[in-house]
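Residue numbers (our numbering): 6 to 439. In this text, a Cβ means the ideal position worked out from N, Cα and C, and glycines have one as well. Values in this document were obtained by computation on a predicted structure and should not be read as measured data. This report refers to the structure that appears directly beneath it.
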Ligand code: URA
């Protein structure tokens with residue numbers, strides 16, 4: 006087999022066989038095929054796409070390039086939840102404890118934030134002492150004992166994807182749906198949970214800017230998951246405005262805990278409930294949606310979800326008193342309001358990307374993987390799409406350590422667009438692909 010023939014085959018719109026795809030991935034991982042040929046191949050895929058069979062073969066080749074996490078040591082039905090990333094996306098911090106309180110084993114390996122989107126691991130590290138690095142055995146023991154754990158990726162999962170992603174990043178081939186779908190699913194399938202719940206974000210603050218491409222991505226991922234014999238569901242959710250009110254790290258932990266207590270922002274709470282319901286039905290804990298809704302609401306009302314969160318924090322060496330005393334989260338004490346001046350109007354748009362960038366300016370996010378971040382800073386949105394604003398109302402509150410305050414304020418102001426007409430609030434759940 007010669008790589009140049011496979012490039013030509015793909016360039017001409019033909020389908021590659023499983024054997025050919027394995028040849029490409031193995032050759033690249035073993036450094037037998039150079040970057041320039043893989044770059045050319047990726048561009049051919051970008052323009053010609055891949056069939057379902059090719060996507061599955063591509064996913065399998067990447068997941069077989071590394072280790073798998075053997076979750077068979079965990080008793081009961083396991084579930085993994087994955088989000089494509091957004092601004093203010095703290096969903097895992099609420100969904101995982103609630104689903105665990107309802108009897109699902111939630112074993113989650115998470116990532117750090119990059120660019121304007123935050124990462125669950127960074128958020129968790131704003132809890133004093135919280136350890137995101139556990140050995141595989143500690144991880145399994147914890148999930149068996151208390152039903153949940155969120156850790157950083159320990160095993161060497163899908164190294165081929167890591168190499169390809171870095172190459173795609175510099176060759177203009179990131180935005181290819183078959184490549185994104187197989188990249189995400191190779192890591193999910195290697196993590197070996199019985200069920201996979203995907204949150205595909207759509208809008209300004211997300212990877213997928215429009216509903217049609219998000220839908221194609223969601224369908225591709227569900228297909229790959231199903232062919233790999235994992236029960237998979239994807240929900241398309243809005244990311245045109247930030248999710249919930251808090252954007253940052255410690256401020257998002259505070260909001261997640263409040264949500265587990267039943268006091269969270271409405272949009273965020275509804276989205277979390279929807280995910281838990283999906284998980285409970287998918288995992289066979291509940292027969293239908295209404296049974297699942299009842300169970301989920303009960304886990305909020307009787308605070309069993311909050312107790313699961315508390316147990317997780319304690320098991321992972323964090324200070325579980327943060328659940329009752331937010332002072333321990335060390336949220337910055339320096340706050341600056343962003344004030345609205347003008348005639349009464351409704352918030353028509355609140356650009357998630359601008360808010361994510363404003364939070365980065367304050368120090369809450371990182372531009373490169375190596376940068377450190379300030380966990381104590383962030384933004385709390387006092388007004389969101391659909392809200393009425395009057396002269397001198399606070400639009401948002403910046404929690405700062407005096408870094409880039411004016412620039413961040415400007416960005417926040419830029420994010421808001423107003424209308425004299427009444428504006429509907431945004432429904433966060435756009436579609437569910439099963
Ligand atoms: N996230 C991934 O893991 N891979 C992609 O290709 C895009 C987003």
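query, result
"Residue 437 burial status per 10 Å Cβ neighbour count (16 or more: buried)", "exposed"
"Near the ligand URA: residue 90 beta-carbon under 8 angstroms from a heavy atom", "yes"
"Range covered by the alpha helix (DSSP H) that runs through residue 32", "23-34"
"Assigned exposure category for residue 164 - 16 Cβ within 10 Å defines buried", "exposed"
"Status (buried if at least 16 other CB within 10 Å, exposed otherwise) for residue 138", "exposed"
"Distance cut-off 8 angstroms: residue 212 Cβ against heavy atoms of the ligand URA", "yes"
"CB contact flag (residue 257, residue 270, <9 angstroms)", "no"
"Sequence ranges, alpha helix (DSSP H) only - wholly within the region 163-213, length at least 4", "164-174, 182-195"
"Residue 51 - DSSP class collapsed to helix/strand/coil", "helix"
"The ligand URA heavy atom lying under 8 angstroms from the CB of residue 173", "yes"
"CB of residue 43 within 9 angstroms of CB of residue 149, strictly", "no"
"For residue 240, the first and last residue of its enclosing alpha helix (DSSP H)", "That residue, residue 240, is in no alpha helix (DSSP H); its beta strand (DSSP E) goes 236-243."
"Cross-strand partners of residue 410 (DSSP beta bridge)", "Answer is none; residue 410 lacks a bridge partner."
"Unbroken alpha helix (DSSP H) run spanning residue 251, endpoints", "Looking at the DSSP string, residue 251 is not in any alpha helix (DSSP H); the run it does join, the beta strand (DSSP E), is 251-253."
"Terminal residues of the alpha helix (DSSP H) in which residue 291 lies", "Run containing residue 291: none; DSSP gives neither H nor E here."
"Extent of the continuous beta strand (DSSP E) run through residue 89", "Where residue 89 is concerned, there is no enclosing beta strand (DSSP E), given that its DSSP letter is neither H nor E."
"8 angstroms contact criterion, which residue 124 and residue 116 should meet: CB distance rounded", "5 angstroms"
"DSSP state of residue 230 mapped onto helix, strand, coil", "helix"
"Whole-angstrom C-beta distance between residue 59 and residue 21, which should lie under 8 angstroms", "6 angstroms"
"Beta-carbon proximity check, residue 46 vs residue 15, cutoff 9 angstroms", "yes"
"Ordered list of alpha helix (DSSP H) runs contained in the region 264-333, each at least 4 residues", "271-287, 294-306, 309-320"
"Stretch pair the region 225-241 + the region 94-105: three plus CB contacts closer than 8 angstroms", "no"
"Reduced DSSP secondary structure (H/G/I, E/B, other) of residue 80", "coil"
"Nearest-residue set for the ligand URA, Cβ under 5 angstroms from any heavy atom", "185, 188, 189"
"Same chain, Cβ closer than 7 angstroms to residue 128, neighbours up to 5 away in sequence not counted", "95, 98, 254, 257, 258"
"Distance, residue 289 Cα to residue 145 Cα", "22 angstroms"
"Nearest-angstrom Cα separation, counted from residue 198 out to residue 160", "15 angstroms"
"Residue 226 classed as buried or exposed, judged by whether at least 16 other C-beta atoms fall within 10 angstroms", "buried"
"Cβ neighbours of residue 201 in the same chain (closer than 6 angstroms, five flanking residues each side left out)", "85, 193, 230, 235, 237"
"Residue 160 (DSSP reduced to helix, strand or coil)", "coil"
"Residue range of the unbroken alpha helix (DSSP H) whose run includes residue 96", "96-106"
"Own chain partners of residue 264 with C-beta closer than 7 angstroms, once the 5 adjacent residues on each side are dropped", "99, 273, 274, 277"
"Alpha carbon of residue 293 to alpha carbon of residue 82, nearest angstrom", "17 angstroms"
"Nearest residue (CA-CA) to residue 329, options 308, 345, 341, 374", "308"
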